[in-house]
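*Asks:*
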Amino acid sequence: MKYDLQSSNFRAANMPNSTSPESGLKRFGDKRISDLLVESRQANVNRQRVQEFIIEKLLFAGGMAAILFIALIFIFLFKEGAKALFLIKPIEFIGTHILDFDNNRVFACMWQPVGESGKYSIVPLLIGSFLVALPATVISTILGGGCGIYLAEIASAKVREIVKPAIELLAGIPTVVIGFLCLTLLATYVQNAFHTTFRLNAFVGAIGVSLVIIPVIASITDDALRAVPNELREASYGLGATRWETIWKVVVPAGISGVTASIILGMGRALGETMIVVMATGNAALVTGNIFSSVRTMTATIAAELGAVPQGGPQYCALFLVGAILFFITFVLNLVAEMIINRMRKKLRL
Amino acid sequence: MTVGKRKIFNSFFQGLCRSMAFLAMAVLIVILVKVVTNGVGVINLSFLFKAPREGMTEGGIFPAIFGTVCITMLMIVLAIPVGVSAAIYLTEYAGKNFLGRIIRASINNLAGVPSIVFGLFGVGFFVLFIGRGMDKILGIPLLFGQPAMLWAASTLALLVLPVIIVSTEEALNSVPVSLREAAFALGATKWQVVRNVVLPQARSGILTGAILSISRGAGETAPILFTGCAYFLPRLPVFTIPYVHIPVINPLDQFMELSYHIFIMATQSTNVAATRPIQYGTTLVLIALTFLLNLSAIIFRIYFRKRPR
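For the protein sequence lines, the chains are A and B, in the order given.
FYI, the numbering for the first sequence is 0 to 349, going by numbering that gives the first Met the number 0.
FYI, the numbering for the second sequence is 0 to 308, going by numbering that gives the first Met the number 0.
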């Protein structure tokens, strides 16, 4: 008799006329009961194999969903965005010739997507995005990096148990709340401190955005530094280095790829941040290098305008194109960060 | 460099890092204090359980709370099956093969997609492609092809998918291999091992991920801006089943939502100054909601990490 060890849900209920294995010798109809048993067990095994197969395929489908949706985001953004290239001349995405006050034709980069002759230059939007994202990245690299070093190298286990959750909670504050506080409170403080012309400006937005990415940079830096093997620290202490010298000259260089990745990821988050910038940066699409002037980022443009435009029009498609560009930039940043992290993992495993 | 200078350097920079960490905590505390002190004055039962009146300048925020709860529930119902099965596939079936690596890379990228891009995708894919497509196939006038709770929840589900997958994966990986081996040795099949051994052990980790993603979803605004949120609705997104008179949530209706409520009142309401107290009150409710969820997730994690296996 063949026994399949795979079959574990062998049930007595499948056996007619019998409650114990000995009764297998009795006859049931024209078949021996033991044969019936084998058959029913075989049927069970088959059913199980089918079940296993189906379940594996279902789980596989769940796993494929991530790939599918990334592909769909690509397709749908670029499909709608590409329509903009047919509706609007590609050169107009950089700038258009307009008449200035003295009736001279000048080449200007403007985002004014209203009316018949809407102007769709994405230059001011790109400038706006980076004017917020770069200062935010700098601020949060310093602060988040400091937090990460403190958590990984300096804090005692007890303090760590408190500080780390606190930083996680900071990450959990909804961005609309931070945007709201920037709009109502921070903007006034900043204006009083720096006497700026615009109450809402790129700098206010940058501070707000940095609150969102400090936790990102802090936690990845923390992870990266904690992954540095202890032998390096011990060797450094053995040579007579102080704790800070060990941190700055041994541990941070060893974990530099993780720190770099965290900064790149933070930058991606800063570029993609929406609610804070739409509330706190003033939303004026200016071509400027002044950090205290109002700007309009790519994200804020989409958030502020998409709700009010007719579908399929040039502005609608242009907004999708802006979204596609934004997606592309963050996609590349994420990819680079991930490659750096993967390389770090490989290096540390050696 | 002299020894004295090095010592000063040592304590100065360590102190600097410490002060940065405490600055981050101080910012958290300042945010909380500001929101609580400014918002606690308007919080009372009628604020929590009444609808807004007089062009939002008076009344409560019940529809927004109701909408937030509905949409996060719908979101988690949509996201959990996909996210958990993806995580199970990755840890138990795919391992570190090529496909597994690609799936992991996509998840990481999905986590990095800006939330407004999810909003755009929600409009382009869920509302216009799927919704309008369903209308066309069914041959009915505009029903699915407009912003609705279902599409907003789907968009949010997509946003929190990486959160769920990563935390579930962590939970599954923390289950000792020896337990799996013991179950295999008893003749259990792969799915039997996963269902009866691994999943029960990983339950708390999965729950933590679900709580975190609910809090994330409740706080996000950008993805729902165009996929179903409404500034003001005179009634709740509920419809009554005829004859039996049981009210059910209507996923094809638009809804009000806390974070959107804050955004729209702070930036676009007709009288920003008059609604300021309500804005702070709404902020307090939203922050309390997400905070309680996050805090419970953190406590959960500490508690289950300490539990001896």
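Ideal Cβ placement from N, Cα and C applies to all residues, glycine included.
Predicted model, so just to flag it, every value in this text is computed and none were measured.
For a contact meaning CB atoms closer than 9 Å, what does Gln-353(A) contact in chain B?
*Replies:* Residue coverage of chain A in this structure runs from 0 to 349, which leaves residue 353(A) outside it and unanswerable.
*Asks:* So, is the C-beta of Tyr-88(B) closer than 7 Å to a C-beta in chain A?
*Replies:* Closer than 7 Å: yes.
*Asks:* In chain A, what lies closer than 9 Å to Thr-71(B) by C-beta?
*Replies:* None at all; the shortest Cβ gap to chain A is about 12 Å.
*Asks:* Going along the chain, which residues of its own chain have a beta-carbon closer than 7 Å to the beta-carbon of Ala-279(A), five neighbours each way excluded?
*Replies:* Around Ala-279(A): Gly-178, Cys-181, Leu-182, Ala-186, Leu-199, Val-203, Gly-204 and Gly-207.
*Asks:* Any idea what DSSP makes of Gly-227(B), helix, strand or coil?
*Replies:* Residue state, collapsed to three classes: coil.
*Asks:* Among Thr-241(A), Asp-222(A) and Ile-301(A), whose alpha-carbon lies nearest the alpha-carbon of Gln-13(B)?
*Replies:* Taking only the C-alpha atoms, the option nearest Gln-13(B) is Thr-241(A).
*Asks:* Give me the Cα-Cα distance between Ala-294(A) and Phe-129(A), rounded to the nearest whole angstrom.
*Replies:* One detail in the question is off: residue 294(A) reads as Val in this sequence, not Ala. Between Val-294(A) and Phe-129(A), the C-alpha separation is close to 10 Å.
*Asks:* By DSSP, does Tyr-242(B) sit in helix, in strand, or in coil?
*Replies:* Coil at Tyr-242(B), not helix or strand.
*Asks:* What residues of chain A sit near Phe-143(B), judged by a beta carbon separation below 8 Å?
*Replies:* None at all; the shortest Cβ gap to chain A is about 15 Å.
*Asks:* Please name the residue, chosen from Cys-316(A), Ile-219(A) and Met-297(A), that lies closest to Pro-123(A) on a Cα-to-Cα basis.
*Replies:* Closest option to Pro-123(A), Cα to Cα, is Met-297(A).
*Asks:* Relative to the alpha-carbon of Val-137(A), which residue among Phe-75(A), Thr-195(A) and Ser-209(A) has its alpha-carbon at the smallest distance?
*Replies:* Of Phe-75(A), Thr-195(A) and Ser-209(A), the residue nearest in Cα terms is Ser-209(A).
*Asks:* Please list the partners that Gly-145(A) has in chain B, where partner means a Cβ-to-Cβ separation under 7 Å.
*Replies:* Those are Leu-15, Cys-16, Met-19 and Ala-20, listed as they occur along chain B.
*Asks:* Just reading off the alpha helix (DSSP H) that Leu-257(B) is part of, what are its end residues?
*Replies:* It spans 257 to 266 - the alpha helix (DSSP H) in which Leu-257(B) sits, taken as one unbroken run.
*Asks:* Just curious, the beta strand (DSSP E) that Arg-198(A) is in, first and last residue?
*Replies:* Note, Arg-198(A): premise wrong, no beta strand (DSSP E); not H, not E.
*Asks:* Roughly how many angstroms lie between the CA atoms of Ser-39(A) and Ile-101(B), to the nearest whole one?
*Replies:* If I take the Cα positions, the gap works out to 42 Å.
*Asks:* Could you check what DSSP says for Ile-93(A) in three-state terms: helix, strand or coil?
*Replies:* Note: Ile-93(A) maps to coil in three-state DSSP.
*Asks:* Between the stretch 32 to 61 of chain A and chain B, which residues of the former have CB atoms less than 9 Å from a CB of the latter, in chain order?
*Replies:* Residues Gln-47, Arg-48, Gln-50, Glu-51, Ile-54, Glu-55, Leu-57, Leu-58, Phe-59, Ala-60 and Gly-61.
*Asks:* To be precise: take each residue of the stretch 70 to 97 of chain A, compare its Cβ to all Cβ atoms of chain B, and keep it if any distance is under 8 Å. Which residues remain?
*Replies:* Residues passing the 8 Å Cβ filter: Leu-71, Ile-72, Phe-75, Leu-76, Lys-78 and Glu-79.
*Asks:* For Lys-163(A), count neighbouring C-beta atoms within 10 Å of its own C-beta (all shown protein chains included) and say buried if the count is 16 or more, exposed if not.
*Replies:* Buried, by the Cβ-count rule.
*Asks:* Residues of chain C with a CB under 8 Å from the CB of Gly-218(B): which are they?
*Replies:* This model lacks chain C altogether, as its protein chains are A and B.
*Asks:* List, in order along the chain, the chain B residues whose C-beta lies closer than 7 Å to that of Ile-275(A)?
*Replies:* Chain B residues near Ile-275(A): none, gap ~10 Å exceeds 7 Å.
*Asks:* Any idea if Arg-52(B) is buried or exposed, counting beta-carbon neighbours within 10 angstroms, 16 or more meaning buried?
*Replies:* Exposed: under 16 other Cβ atoms inside 10 Å.
*Asks:* Between the alpha carbons of Val-250(A) and Trp-243(A), how many angstroms are there, rounded?
*Replies:* For Val-250(A) and Trp-243(A), the distance between alpha carbons rounds to 10 Å.
*Asks:* Under a Cβ-count criterion, where at least 16 other Cβ atoms within 10 Å of its own Cβ denotes burial, should Gln-267(B) be classed as buried or exposed?
*Replies:* So Gln-267(B) counts as exposed.
*Asks:* Which residues in chain A sit within 7 Å of Met-24(B), going by Cβ to Cβ distance?
*Replies:* What Met-24(B) touches in chain A: Val-162 and Ala-165.
*Asks:* Please report how far the alpha carbon of Ser-22(A) lies from the alpha carbon of Leu-185(B), in whole angstroms.
*Replies:* Low confidence applies to Ser-22(A): its pLDDT is 49, below 50, so where it sits in the model is not reliable, and the reading given next is rough at best. Whole-angstrom Cα-Cα distance: 26 Å.
*Asks:* What does the Cβ neighbour count give for His-244(B), buried or exposed, with the cut at 16 atoms within 10 Å?
*Replies:* When all chains shown are included, His-244(B) counts as exposed.
*Asks:* By the criterion of Cβ-Cβ separation under 8 Å, what are the contact partners of Gly-306(A) in chain B?
*Replies:* Result: Leu-224 and Phe-225.
*Asks:* When we look at the beta-carbon of Asn-8(A) and count the other beta-carbons within 10 Å, is it buried (16 or more) or exposed?
*Replies:* For Asn-8(A), the pLDDT reaches just 47, beneath the cut-off of 50, and the residue's location in the model is therefore unreliable, although a value from the coordinates is still provided. Asn-8(A) should be labelled exposed.
*Asks:* Which residues of the stretch 143 to 159 of chain B have a Cβ closer than 9 Å to any Cβ of chain A? Give them in chain order.
*Replies:* Residues passing the 9 Å Cβ filter: Leu-157.
*Asks:* Residues in the stretch 204 to 230 of chain A with C-beta within 9 Å of chain B's C-beta atoms, listed in sequence order?
*Replies:* Taking 9 Å as the Cβ-Cβ cut-off against chain B, the residues of the stretch 204 to 230 of chain A that qualify are Leu-210, Ile-213, Pro-214 and Ala-217.
*Asks:* Would you say the stretch 67 to 75 of chain B touches the stretch 151 to 158 of chain B, given that touching needs at least three Cβ pairs under 8 Å?
*Replies:* As far as the Cβ criterion goes, the stretch 67 to 75 of chain B touches the stretch 151 to 158 of chain B, which means the pair count is three or higher.
*Asks:* Candidates Val-2(B), Val-83(B), Phe-48(B) and Ala-25(B): which alpha carbon is nearest Arg-202(B)'s?
*Replies:* Of the candidates Val-2(B), Val-83(B), Phe-48(B) and Ala-25(B), the one whose C-alpha sits nearest the C-alpha of Arg-202(B) is Val-83(B).
*Asks:* Let me check one thing: in DSSP terms, what residues is Lys-189(B) bridge-paired to?
*Replies:* Answer by DSSP bridge pairing: none, since Lys-189(B) is not bridged.
*Asks:* Within 7 Å (strictly less), CB to CB, does Gly-265(A) reach chain B?
*Replies:* No - not a single Cβ of chain B is within 7 Å of the one on Gly-265(A).
*Asks:* Between the beta-carbon of Thr-220(B) and the beta-carbon of Phe-262(B), is there less than 7 Å?
*Replies:* Taking 7 Å as the Cβ cut-off, Thr-220(B) and Phe-262(B) qualify as a contacting pair.
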